[in-house]
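> To start, I am sharing the structure in question, which I have written as C-alpha cells.
Numbering (mature numbering (1 follows the signal peptide of the UniProt record, and there is no 0)), first residue to last: -17 to -1, 1 to 839.
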C-alpha cells in the first residue's frame, strides 16, 4: 500500500495565504488541453465533441454547453476546452407562466389539450343538428383553464368532464358572464393528482349539453396538443351533407417565421364511410365571391389521416401575398374532402382568427429594455383580434416624467410593423392612454401576436431607445371574477410615497362579488427575486405625502408572498369600513421586498363591479369632531377645510384652522424656456410656449390621430392636448404677442393676446426685437422671481411656508376631506374631521364641502 505523506510549511505571520493541502498523486486527470482531444473530469472528448458538464453535487448543467475545439496556438492536434452559458438561446415564451422542469434549461409553457366535440352517430339528428365545438384546455399547476368555441343554433348549458370509466370528474355550468357570442369560458380549480394524471394520459372525455335535452349533446376526447395557444387561425368543419352531421374536423393554421410556409394541423372525428378501405384526403381552399360560386384556387394533400379520429399535419408551401391577405381578413373557406372506395364526404368551414378566452397583452417595464431604465414608470397594452382580422388595442402608461415620442410594435431585428402613436403628453397625474384600431394587419403580424414574436417599445424624450419595453404574451382565463378583459391597475415605482426609482412594474386586477369578497391577481415584471430578496404584497390605507395610512389589520390584509411572478387569491370577511374605503378609492396595494422594505411598486385599488356589494352594506357611521369652524364672506367652513377665495380663485388658497382663516398665494418656480414666458388667463404661473412648428404633429394620409388633442382638417394639422404655441402667419412670421392653446378639457383651440407680467426692475429690455414683452436683466430677474426659502413642492404646485391646501388625486380630482400644510419645506397631510351631525362626502360627490349633514 502506497503511503501518503503531507508536508506542512509554517509561513511568516505577516503573510495570510490560504494554503490548500493536496494528497500526493493525482486523483483526477488534468482538465483542458491534451493531444487528440480534451479532458474534463475523468472523461476524454474528441475535437468537435459537445456536452453538458456534470458538476458534483449540482448534477448535469443543462444551461452550460462545453465543446472541445482545436487549439490554434499549439502545433499538432491539441484540443482546448470551451464552456459557455446557453440560457440566452432559449426561445421567448408566449405564455405568462412558464414552467421550469428538472434537467431542462429552457422553460416550457404549461401543457395544452384540445377536444373536437361533435354529435355521436346514434344521437345525430338531420332535422335539428346540434352543431360542433372546439374546446381548448390549459393546465396551470392545479387549475384547468377552458376555452370553447361553439358553432350552432342551440344554447349550451353544462360542460361535463368524464374519466376513463365514464365517471364524472367535474361539471361546470355555463355562466352568462363567461359566454360571449360563440365563445364560452370556464375555470376548473383545485384538480387532484388523479384527475391531472387522467388528463395527461388522454383519458378524459368532454361533453357539452344544451338547455333542450332532446337535442342531444356534443362529445369529444381531450387529447394533448402542444402550443395550440400560439396558432392564430382555425376552422371548424362540418359535414356538407346533414346525414353525416356526426362527422367533423378542426383545422388550425400558423405561419412560419419567414412567412413561406403555412403549417396546418387537423383533428378529425371518426369517419363512418371508410369501412377499412384506402383513404385519400385533400384540403381545398376557396374564396366565395358575391356574384358567383366558390372557386378552388389551392389544393393541399393530407397524409396519415386516421379513420378512427386523431391528428394529422399538412403544409401549404409559398402561399402568395394575396392569399395571405385573404387569410388575414377571414375570406377563406377550407374543405376537407375524404374519399374511400369512391365514396367522398366533404366537411367545410370558414377560416377565422382563433377565438380564445386568453388575453393577449404586454406588460411594459424599464428593466425589460434593450438598455434597462429605472425611472419608476410602467405600462400595459392589450390586443383584441376580431374574426375579420382587425386588432383593437389599448395602451395605458403610468409614472411618466417625460413626453412620449412614439409607441411602436416591433418584430425581429427591430423591424417596426405598427406605429401605434407618436407624440403624447402625460396628464397632470403622469399617466397617458391611447386606444385605436389596427385595421389591416398582415397574416404574419397576427401570427406574431399569438406566438409572442412582437415587442412593444415606448420611447420618450430622454430615452430614444426606449424607456419602457415589453413582450406580447397570453394570460389564461381566470374565472368569472377575473376575466382579465378589464383594464388592470398599473403598479409603478412613482406611485410609492416617496417615489421608488425602479425598473420593475406590475399589473393588478381586482373584483368584488355580491358577498363583498375581494378577488385579486397581481403580475410583476422585472422584480429581482435573487438570493434572499423576499417579495410581498399588502393592502394599505389612503396616504398622500406625509399622511399616515389608515389603520388596517396588517396580518388580515397581507395578500401573499410571491413564489413566482404572479399571485392570485381572494379575501373574505372584510370589515364594513374597509369595504367602504375600497369603494371610495382609499385603499392601495403596495409591493415590498427585502431590498425595498418601504415599497417598490404601488397602485390604487379600484373596482368597477362594486355596486352590488355596496347595496348590501349597512349605512356608514357618523363622524364626530371638535368645534373650530370659520366664517368667510358669509360662508361657513369647517375646521381643517381648504378653499379657493372668490376674489382670487387661481393664485390663492385659504384654510380654516381652529376658527382662524389663513390665505396664501401660490409660489411660481423659475422656468428655463427657449421662448419668452407668457401668462395665461386660466393659470396662476407663467408657462413656456413653443413655436407652432414644434407643437404641430403630422399623421399618415388616410388615417386620423388617436391621441387626445385638437385636429384641424385644413392643412391636416394636429396639436396635442394642452399644447401652447405661437401661431405662424405668412408672410409676417410667428406672432409673438398671440398664443394658442389646445384645451385639455374640450380639445378645442383658443387664442389670447399675451399679458406681459409686471416687472420689479429699473431697466427692463427686449432680448429679441420680435419678443412681445420686455424682461429684467439676468441678475434682477433672479431676484424678482427667486422663491422664498422653505417652500414646499407638491405635485406641480409650489406653496410657501405655513400654507395649507387641498390635494389633487386623479382620477377623483380634489380630495375635499384631506388638507396638506407646508412646514419648513416639508409637506404633511391629514384627514378632515366633521362636526357633530355632519358626515364626510364620498370622493365622487358633487358637493364642494367635505362635511355635509348626515342623512337619516
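Glycine is no exception: its CB is placed at the ideal position from the N, C-alpha and C atoms. Since this is a predicted model, take the numbers as computed values, not measurements.
1. Keeping to the same chain, check which residues put their C-beta closer than 8 Å to that of residue 309; ignore five residues upstream and five downstream.
2. According to the neighbour-count rule (16 or more other Cβ atoms, all chains shown, within 10 Å of its Cβ), is residue 86 buried or exposed?
3. Below 8 Å between beta carbons: does that hold for residue 342 and residue 370?
4. Which partner residues of residue 206 appear in the DSSP bridge assignment?
5. Please state whether the Cβ-Cβ distance between residue 301 and residue 241 is less than 8 Å.
6. Residue ranges of each beta strand (DSSP E) run of no fewer than 3 residues wholly in the segment 369 to 429, ordered along the chain?
7. Could you tell me the alpha carbon to alpha carbon distance between residue 591 and residue 566, rounded to whole angstroms?
8. What residue range does the alpha helix (DSSP H) around residue 676 cover?
9. DSSP has residue 645 in a bridge; who is on the other side?
10. Which residues does DSSP list as the beta-bridge partners of residue 468?
11. Which residues in the same chain as residue 477 place their Cβ atom closer than 7 Å to its Cβ, once the five residues preceding and following it in sequence are excluded?
12. So within the segment 240 to 289, which uninterrupted alpha helix (DSSP H) runs reach at least 4 residues, ignoring any that extend past its ends?
13. From residue 500 to residue 710, what does the alpha carbon distance come to, in whole angstroms?
14. Let me know the secondary structure DSSP gives residue 178 once reduced to three states.
15. How many Å lie between residue 93 and residue 386 at the Cα?
16. Any idea what DSSP makes of residue 13, helix, strand or coil?
17. Going by the CB atoms, is the gap between residue 675 and residue 626 shorter than 8 Å?
18. Determine the extent of the beta strand (DSSP E) in which residue 154 is found, giving its start and end residues.
19. Just to confirm, are residue 201 and residue 115 a CB contact at a threshold of 8 Å?
20. Measure the C-alpha to C-alpha separation of residue 731 and residue 416 and round it to an integer number of angstroms.
21. Is there contact here, the segment 69 to 80 with the segment 51 to 59, by at least three beta-carbon pairs under 8 Å?
22. With a floor of 4 residues, list each alpha helix (DSSP H) that falls wholly inside the segment 423 to 463, ordered by position along the chain.
23. Determine the direct distance from the alpha carbon of residue 621 to that of residue 782, and round the result to whole angstroms.
24. Taking only heavy atoms of the ligand GDP into account, decide whether any of them is closer than 7 Å to the Cβ of residue 736.
25. In its own chain, which residues sit with a C-beta less than 6 Å from the C-beta of residue 280, not counting the 5 before and 5 after it?
26. With DSSP as the reference, label residue 366 as helix, strand or coil.
27. On a CA-only basis, which of 628, 661 and 458 is nearest residue 77? Give me that one, please.
28. Who are the near neighbours of residue 517 in its chain, counting only those whose CB is closer than 7 Å to its CB and skipping five residues on each side?
29. In whole angstroms, give me the CA-to-CA distance for residue 304 and residue 421.
30. Once you ignore the five residues that flank residue 668 on each side, which residues in its own chain have a CB closer than 6 Å to its CB?
31. Which runs of the beta strand (DSSP E) fall wholly inside the segment 471 to 522 and span at least 3 residues, in chain order?
32. Return the Cβ separation of residue 353 and residue 394 in integer angstroms, given the expectation that the two are a contact with Cβ distance under 8 Å.
33. Write down every uninterrupted run of the beta strand (DSSP E) in the segment 695 to 756 whose length is 3 residues or greater and which is fully enclosed by it, in chain order.
34. Taking the DSSP output, what are the residues bridged to residue 143?
35. Excluding the 5 residues preceding and the 5 following residue 298 in the sequence, name in chain order all residues of the same chain whose CB lies nearer than 8 Å to its CB.
36. In this structure, does DSSP put residue 137 in helix, strand or coil?
Inspection of the coordinates gives the following:
1. Position 326 of the chain shown, counted from the first residue, corresponds to residue 309. Correct list, in chain order: 270 and 315.
2. Counting from one through the chain shown, the residue named residue 86 turns up at place 103. Flag for residue 86 reads exposed.
3. In the chain shown, the residue the question calls residue 342 occupies position 359. In the chain shown, the residue the question calls residue 370 occupies position 387. Their beta carbons are not under 8 Å apart, which means residue 342 does not touch residue 370 by this criterion.
4. Mapped onto the chain shown, residue 206 falls at position 223. According to DSSP, residue 206 bridges with 97.
5. Taking the chain shown and counting its residues from 1, the one referred to as residue 301 is at position 318. Taking the chain shown and counting its residues from 1, the one referred to as residue 241 is at position 258. Not a contact, by the Cβ cut-off of 8 Å.
6. 374 to 381, 387 to 393, 399 to 404 and 414 to 421
7. Here residue 591 corresponds to residue number 608 of the chain shown, with the count starting at 1. Here residue 566 corresponds to residue number 583 of the chain shown, with the count starting at 1. Their Cα atoms are separated by approximately 9 Å.
8. Counting from one through the chain shown, the residue named residue 676 turns up at place 693. Here the alpha helix (DSSP H) through residue 676 covers 675 to 678.
9. Residue 645 sits at position 662 when you count from the first residue of the chain shown. Within the DSSP bridge table, the entry for residue 645 names 638 as partners.
10. Here residue 468 corresponds to residue number 485 of the chain shown, with the count starting at 1. BP columns for residue 468 are empty, so no partner.
11. The sequence position of residue 477 within the chain shown is 494, counting from 1. Excluding sequence neighbours, residue 477 sits near 359, 360, 382 and 413.
12. none
13. Mapped onto the chain shown, residue 500 falls at position 517. Mapped onto the chain shown, residue 710 falls at position 727. Each residue's alpha carbon lies about 56 Å from the other.
14. The residue you call residue 178 lines up with position 195 of the chain shown. Of the three classes helix, strand and coil, the one that applies to residue 178 here is helix, per DSSP.
15. By one-based count along the chain shown, residue 93 stands at place 110. By one-based count along the chain shown, residue 386 stands at place 403. The straight-line gap separating the alpha-carbon atoms of residue 93 and residue 386 is approximately 39 Å.
16. To locate residue 13, count along the chain shown from 1; it is residue 30. At residue 13, the pLDDT of 42 sits below 50, so the modelled position is not reliable; the number obtained from the coordinates is stated separately. Note: residue 13 maps to coil in three-state DSSP.
17. Start at 1 with the first residue of the chain shown, and residue 626 comes out as number 643. Start at 1 with the first residue of the chain shown, and residue 675 comes out as number 692. No. Outside cutoff.
18. Taking the chain shown and counting its residues from 1, the one referred to as residue 154 is at position 171. Run containing residue 154: 151 to 156, per the beta strand (DSSP E) assignment.
19. Along the chain shown, read from residue 1 onward, the residue named residue 201 stands at position 218. Along the chain shown, read from residue 1 onward, the residue named residue 115 stands at position 132. Result yes, Cβ atoms of residue 201 and residue 115 sit closer than 8 Å.
20. On the chain shown, residue 731 is found 748 positions in, with the first residue counted as 1. On the chain shown, residue 416 is found 433 positions in, with the first residue counted as 1. Taking the straight line joining both Cα atoms gives about 19 Å.
21. no
22. If we require 4 residues or more, the alpha helix (DSSP H) runs fully inside the segment 423 to 463 come out as 426 to 433.
23. Here residue 782 refers to the residue found at position 799 of the chain shown. Here residue 621 refers to the residue found at position 638 of the chain shown. Rounded to the nearest angstrom, the two C-alpha atoms are 22 Å apart.
24. You won't find the ligand GDP in this model; it holds no ligand whatsoever.
25. On the chain shown, position 297 is the one that residue 280 refers to. Result list for residue 280: empty, nothing under 6 Å.
26. Taking the chain shown and counting its residues from 1, one reaches residue 366 at position 383. Three-state result, residue 366: strand.
27. Translated into the one-based positions of the chain shown, residue 77 becomes position 94. Distances from the alpha-carbon of residue 77 to those of 628, 661 and 458 put 458 closest.
28. Locating residue 517 in the chain shown gives position 534, where the first residue counts as 1. Within the same chain, residue 517 has close Cβ partners 544, 576 and 577.
29. Numbered from its first residue, the chain shown carries residue 304 at position 321. Numbered from its first residue, the chain shown carries residue 421 at position 438. Cα-Cα distance, rounded: 19 Å.
30. Counted from its first residue, the chain shown places residue 668 at position 685. By the criterion of a C-beta distance shorter than 6 Å, residue 668 is surrounded in its chain by 651, once the five residues flanking it on both sides are discounted.
31. 472 to 474, 488 to 495 and 501 to 508
32. Taking the chain shown and counting its residues from 1, one reaches residue 353 at position 370. Taking the chain shown and counting its residues from 1, one reaches residue 394 at position 411. Going by Cβ atoms, the distance from residue 353 to residue 394 rounds to 14 Å, so no, they are not a contact pair.
33. 700 to 703, 707 to 709, 721 to 725 and 732 to 736
34. To locate residue 143, count along the chain shown from 1; it is residue 160. Per DSSP, 154 and 190.
35. Here residue 298 refers to the residue found at position 315 of the chain shown. Setting aside the 5 residues that flank it on each side, residue 298 is surrounded in the same chain by 244, 245, 246, 247 and 283, each with a C-beta closer than 8 Å to its C-beta; the list follows chain order.
36. As a first step, residue 137 is located in the chain shown; it is residue number 154 there, counting from the start. Three-state DSSP puts residue 137 in coil, outside helix and strand.
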